[in-house]
Amino acid sequence: MPTLSRRQALGAALGTVGALALPVRSAGAATPPAEADLAQYRLALGTELLGIAFYTRAKASPLFPAHRRRDFARALANERQHLAAVSGLLSRAGQVVPTADDFDIALPARAFTSRVRLARLGIELETAFLGAYLGAAATVSDPSTAAVASRLAACQARHLALHWEIADQRPVGPAFPVPLDVEQVSAVLDKYLT
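For the record, in the sequence shown the residue sitting at position 88 is 89 according to my numbering, with numbers rising by one throughout.
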(Lines of atoms letter the chains of each structure in order from A and count residues from 1; the text may use other names and numbers.)
(Lines give C-alpha, C1' and ligand atoms only; values in the text may rest on other atoms or scores of the structure.)
Protein backbone atom coordinates (compact mmCIF):
# COMPACT_ATOMS: atom_id res chain seq x y z
CA MET A 1 0.00 0.00 0.00
CA PRO A 2 1.50 3.39 -0.98
CA THR A 3 2.23 5.87 1.77
CA LEU A 4 2.33 9.64 1.70
CA SER A 5 5.23 11.67 2.94
CA ARG A 6 4.50 14.43 5.43
CA ARG A 7 4.92 17.00 2.62
CA GLN A 8 2.52 15.08 0.33
CA ALA A 9 -0.05 14.77 3.12
CA LEU A 10 0.20 18.50 3.88
CA GLY A 11 -0.20 19.31 0.19
CA ALA A 12 -3.26 17.07 -0.02
CA ALA A 13 -4.72 18.67 3.09
CA LEU A 14 -4.16 22.17 1.74
CA GLY A 15 -5.77 21.13 -1.53
CA THR A 16 -8.77 19.98 0.47
CA VAL A 17 -9.16 23.45 1.96
CA GLY A 18 -9.87 24.78 -1.52
CA ALA A 19 -12.36 21.99 -2.13
CA LEU A 20 -14.28 23.02 0.98
CA ALA A 21 -15.19 26.25 -0.72
CA LEU A 22 -17.72 24.31 -2.81
CA PRO A 23 -20.13 24.81 -4.38
CA VAL A 24 -18.97 27.00 -7.23
CA ARG A 25 -21.85 28.09 -9.43
CA SER A 26 -21.44 29.72 -12.80
CA ALA A 27 -22.23 33.44 -12.68
CA GLY A 28 -24.98 33.45 -15.31
CA ALA A 29 -26.85 30.35 -14.18
CA ALA A 30 -26.65 30.83 -10.46
CA THR A 31 -29.80 30.28 -8.46
CA PRO A 32 -29.65 32.16 -5.19
CA PRO A 33 -29.81 29.92 -2.12
CA ALA A 34 -33.15 29.62 -0.38
CA GLU A 35 -33.61 31.61 2.82
CA ALA A 36 -33.55 28.35 4.80
CA ASP A 37 -30.13 27.57 3.30
CA LEU A 38 -28.87 31.06 4.17
CA ALA A 39 -30.05 30.50 7.75
CA GLN A 40 -27.98 27.30 7.86
CA TYR A 41 -24.91 29.16 6.50
CA ARG A 42 -25.30 31.92 9.10
CA LEU A 43 -25.70 29.37 11.87
CA ALA A 44 -22.58 27.54 10.68
CA LEU A 45 -20.67 30.82 10.68
CA GLY A 46 -21.68 31.38 14.31
CA THR A 47 -20.53 27.90 15.28
CA GLU A 48 -17.15 28.49 13.68
CA LEU A 49 -16.63 31.87 15.33
CA LEU A 50 -17.49 30.34 18.69
CA GLY A 51 -15.27 27.33 18.00
CA ILE A 52 -12.34 29.61 17.16
CA ALA A 53 -12.81 31.54 20.41
CA PHE A 54 -13.03 28.31 22.42
CA TYR A 55 -9.98 26.61 20.90
CA THR A 56 -7.92 29.81 21.07
CA ARG A 57 -8.36 29.74 24.84
CA ALA A 58 -8.08 25.95 25.16
CA LYS A 59 -4.74 25.73 23.32
CA ALA A 60 -3.27 28.32 25.69
CA SER A 61 -4.46 26.53 28.81
CA PRO A 62 -1.69 25.56 31.24
CA LEU A 63 -3.97 22.79 32.55
CA PHE A 64 -3.03 20.47 29.69
CA PRO A 65 0.19 18.79 28.58
CA ALA A 66 1.82 19.91 25.35
CA HIS A 67 0.37 17.08 23.24
CA ARG A 68 -3.19 18.03 24.24
CA ARG A 69 -2.56 21.71 23.53
CA ARG A 70 -1.36 20.62 20.07
CA ASP A 71 -4.69 18.79 19.63
CA PHE A 72 -6.50 22.02 20.49
CA ALA A 73 -4.28 23.94 18.06
CA ARG A 74 -5.21 21.45 15.29
CA ALA A 75 -8.90 21.85 16.15
CA LEU A 76 -8.43 25.63 16.00
CA ALA A 77 -6.86 25.32 12.54
CA ASN A 78 -9.82 23.15 11.46
CA GLU A 79 -12.30 25.75 12.72
CA ARG A 80 -10.49 28.50 10.82
CA GLN A 81 -10.64 26.44 7.61
CA HIS A 82 -14.33 25.77 8.22
CA LEU A 83 -14.93 29.49 8.76
CA ALA A 84 -13.29 30.26 5.40
CA ALA A 85 -15.53 27.72 3.66
CA VAL A 86 -18.73 28.97 5.30
CA SER A 87 -17.76 32.61 4.69
CA GLY A 88 -17.33 31.70 1.02
CA LEU A 89 -20.85 30.29 0.88
CA LEU A 90 -22.30 33.49 2.32
CA SER A 91 -20.14 35.73 0.15
CA ARG A 92 -21.06 33.91 -3.06
CA ALA A 93 -24.71 34.26 -2.08
CA GLY A 94 -24.23 38.04 -1.96
CA GLN A 95 -24.47 38.20 1.83
CA VAL A 96 -22.43 40.38 4.15
CA VAL A 97 -20.11 38.05 6.05
CA PRO A 98 -19.95 38.91 9.76
CA THR A 99 -16.66 38.60 11.61
CA ALA A 100 -15.86 37.94 15.26
CA ASP A 101 -15.78 41.72 15.79
CA ASP A 102 -19.52 41.79 15.07
CA PHE A 103 -20.29 39.63 18.12
CA ASP A 104 -19.70 39.52 21.83
CA ILE A 105 -18.34 36.09 22.72
CA ALA A 106 -18.54 35.23 26.41
CA LEU A 107 -17.23 31.82 27.36
CA PRO A 108 -17.53 31.03 31.07
CA ALA A 109 -14.21 31.64 32.83
CA ARG A 110 -14.96 28.75 35.20
CA ALA A 111 -14.82 26.35 32.25
CA PHE A 112 -11.11 27.06 31.89
CA THR A 113 -10.23 26.25 35.52
CA SER A 114 -10.15 22.46 35.20
CA ARG A 115 -9.65 19.87 32.50
CA VAL A 116 -13.05 18.30 33.09
CA ARG A 117 -14.88 21.63 33.02
CA LEU A 118 -13.16 22.59 29.78
CA ALA A 119 -14.03 19.20 28.30
CA ARG A 120 -17.67 19.55 29.38
CA LEU A 121 -17.91 22.92 27.64
CA GLY A 122 -16.21 21.35 24.62
CA ILE A 123 -18.80 18.56 24.64
CA GLU A 124 -21.66 21.05 24.80
CA LEU A 125 -20.25 23.18 21.99
CA GLU A 126 -19.11 20.37 19.72
CA THR A 127 -22.42 18.52 20.13
CA ALA A 128 -24.15 21.67 18.85
CA PHE A 129 -21.59 22.14 16.06
CA LEU A 130 -21.92 18.52 14.94
CA GLY A 131 -25.71 18.73 15.12
CA ALA A 132 -25.68 21.95 13.09
CA TYR A 133 -23.72 20.38 10.24
CA LEU A 134 -25.76 17.16 10.31
CA GLY A 135 -28.90 19.30 10.16
CA ALA A 136 -27.48 21.31 7.27
CA ALA A 137 -26.44 18.18 5.39
CA ALA A 138 -30.01 16.91 5.65
CA THR A 139 -31.79 20.13 4.71
CA VAL A 140 -29.77 22.40 2.38
CA SER A 141 -31.06 22.36 -1.16
CA ASP A 142 -27.72 22.22 -3.00
CA PRO A 143 -26.21 18.70 -3.02
CA SER A 144 -22.60 19.93 -3.17
CA THR A 145 -23.18 22.17 -0.15
CA ALA A 146 -24.77 19.22 1.67
CA ALA A 147 -21.64 17.20 0.88
CA VAL A 148 -19.44 19.93 2.38
CA ALA A 149 -21.67 20.01 5.48
CA SER A 150 -21.22 16.24 5.83
CA ARG A 151 -17.45 16.59 5.69
CA LEU A 152 -17.54 19.36 8.29
CA ALA A 153 -19.75 17.18 10.51
CA ALA A 154 -17.16 14.41 10.32
CA CYS A 155 -14.48 16.82 11.54
CA GLN A 156 -16.67 18.13 14.36
CA ALA A 157 -17.32 14.53 15.46
CA ARG A 158 -13.56 14.09 15.89
CA HIS A 159 -13.39 17.25 17.99
CA LEU A 160 -16.27 15.98 20.10
CA ALA A 161 -14.50 12.65 20.64
CA LEU A 162 -11.45 14.55 21.90
CA HIS A 163 -13.53 16.16 24.64
CA TRP A 164 -15.25 12.90 25.56
CA GLU A 165 -11.82 11.34 25.97
CA ILE A 166 -10.68 14.15 28.26
CA ALA A 167 -13.88 14.06 30.32
CA ASP A 168 -14.23 10.34 30.86
CA GLN A 169 -11.72 8.37 28.78
CA ARG A 170 -14.45 7.13 26.39
CA PRO A 171 -13.87 8.67 22.95
CA VAL A 172 -16.51 6.59 21.15
CA GLY A 173 -19.88 8.31 21.00
CA PRO A 174 -23.33 7.35 19.78
CA ALA A 175 -23.85 5.28 16.64
CA PHE A 176 -26.22 7.88 15.23
CA PRO A 177 -25.39 11.47 16.25
CA VAL A 178 -28.49 13.64 16.17
CA PRO A 179 -28.96 16.39 13.58
CA LEU A 180 -30.16 19.62 15.16
CA ASP A 181 -32.34 22.30 13.64
CA VAL A 182 -31.54 26.00 13.57
CA GLU A 183 -33.49 26.71 16.77
CA GLN A 184 -31.78 23.94 18.76
CA VAL A 185 -28.28 25.06 17.77
CA SER A 186 -29.20 28.71 18.27
CA ALA A 187 -30.23 27.93 21.85
CA VAL A 188 -26.66 26.82 22.57
CA LEU A 189 -24.98 29.60 20.61
CA ASP A 190 -27.12 32.28 22.25
CA LYS A 191 -25.62 31.38 25.65
CA TYR A 192 -22.13 32.40 24.51
CA LEU A 193 -22.44 34.48 21.32
CA THR A 194 -24.44 37.71 21.16
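C-beta: ideal position from N, C-alpha, C; glycine also.
Boundaries of the alpha helix (DSSP H) in which residue i is found, first to last residue
i    : result
G95  : Per DSSP, G95 belongs to no alpha helix (DSSP H) and is neither H nor E.
I1   : Outside the displayed span of the chain (2 to 195) sits residue 1, for which this structure offers no information.
Q157 : P144 to D169
T140 : R116 to T140
G47  : E36 to K60
A188 : V183 to Y193
Residue from the options whose Cα sits closest to the Cα of residue i
i    : options                  : result
F73  : L84, A120, T114 and A107 : A120
D191 : L51, T32 and A35         : L51
C156 : L84, L122, V186 and P99  : L84
F177 : G136, S187 and D105      : G136
F104 : A54, R71 and L181        : A54
R58  : N79, L108, Y42 and G47   : L108
R159 : L194, N79, V179 and V98  : N79
S62  : L181, D38, V98 and R118  : R118
Inter-residue Cα distance where the pair is residue i and residue j
i    : j    : result
P144 : A45  : 17 angstroms
S151 : S142 : 14 angstroms
E127 : A162 : 9 angstroms
L77  : F130 : 14 angstroms
A147 : T140 : 8 angstroms
L153 : Y134 : 7 angstroms
L64  : R116 : 6 angstroms
T100 : P172 : 32 angstroms
G123 : H164 : 6 angstroms
S88  : D102 : 14 angstroms
E49  : P175 : 23 angstroms
S206 : Y193 : With the chain covering only 2 through 195, there is no way to say anything about residue 206.
H68  : D38  : 38 angstroms
V98  : G47  : 11 angstroms
Cβ neighbours of residue i in the same chain (closer than 6 angstroms, five flanking residues each side left out)
i    : result
V183 : A40 and L44
T195 : D105
Proximal residues to residue i (C-beta, below 7 angstroms), its chain only, five neighbours per side dropped
i    : result
A138 : A147, A150, S151 and A154
L90  : Y42 and T146
K60  : R70, F73, A74 and L77
Y56  : F73, A76, L77 and E80
Own chain partners of residue i with C-beta closer than 8 angstroms, once the 5 adjacent residues on each side are dropped
i    : result
E125 : V189
P66  : none
G132 : P178, V179, P180, L181, Q185 and V186
Residue i: CB within 8 angstroms of a non-hydrogen atom of the ligand FMN
i    : result
A147 : Absence of the ligand FMN is noted for the structure shown, with no ligands found whatsoever.
Exercise for review: Specify whether the region 30–44 and the region 83–99 touch according to this definition: at least 3 beta carbon pairs, one from each stretch, less than 8 angstroms apart.
Suggested key: Here the region 30–44 makes contact with the region 83–99; the two share three or more CB pairs at distances below 8 angstroms.
Check your understanding: Within the chosen definition, does the region 104–112 reach the region 164–177 through at least 3 CB pairs nearer than 8 angstroms?
Key -> Judged by Cβ distances under 8 angstroms, the region 104–112 makes no contact with the region 164–177, as fewer than three pairs qualify.
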